[in-house]
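As structure tokens, the structure follows; a few thoughts come after it.
Laid out in structure tokens, this is it:
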């Protein structure tokens, strides 16, 4: 089966595209008048694998990077990081990170021990 890359302009908020993680070549483009509204919509769902934003404002880029609830935030590009960078989602997207030293975190129990003589 093949699904052609698809761009949906202005999909309704209640569509499957806007409420489920589409693992395929499809994207919904929704315009917003205010950055806060766009961030609220991006964080509305219980998913957070990756997010992408494009801006010409360094101030907005910093704000977007801090505000988006996703394991990976890409600003002004679609590229992924090198293998040493952790890959993974937050919320209901994935089970932590893989890649880099974070891969082992799920297998470890951190213990702090102190002793005085």
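Numbering (UniProt numbering), first residue to last: 1 to 117. Built from N, CA and C at the ideal position, the CB exists for glycine as well. Only a predicted model underlies this, so the values are computations on that prediction, with no experimental measurement involved.
On the three-state DSSP scale, how would you describe residue i?
i, result
"residue 70", "coil"
"residue 65", "helix"
By Cβ distance below 6 Å, which residues in the same chain neighbour residue i in space, the five residues on each side in sequence not counted?
i, result
"residue 72", "50"
"residue 58", "none"
Can you find a heavy atom of the ligand GTP that lies under 6 Å from the Cβ of residue i?
i, result
"residue 66", "Looking for the ligand GTP in the displayed structure turns up nothing, as the structure carries no ligands at all."
Please list, in chain order, all residues of the same chain as residue i whose beta carbon is under 7 Å from its beta carbon, the five residues on each side excluded.
i, result
"residue 19", "45"
"residue 42", "51 and 68"
"residue 9", "29"
"residue 60", "35"
"residue 118", "The requested residue 118 is not part of the displayed model; the chain covers only 1 to 117."
By the DSSP assignment, the alpha helix (DSSP H) with residue i in it spans what residues?
i, result
"residue 39", "35-42"
What is the residue span of the beta strand (DSSP E) that residue i lies within?
i, result
"residue 7", "6-9"
"residue 53", "50-53"
"residue 27", "26-29"
Skipping 5 residues on each side, what residues in its chain have a beta carbon closer than 8 Å to that of residue i?
i, result
"residue 3", "24, 25 and 26"
"residue 31", "10"
Measure the Cβ-Cβ separation of residue i and residue j and say whether it is below 7 Å.
i, j, result
"residue 76", "residue 54", "yes"
"residue 48", "residue 90", "yes"
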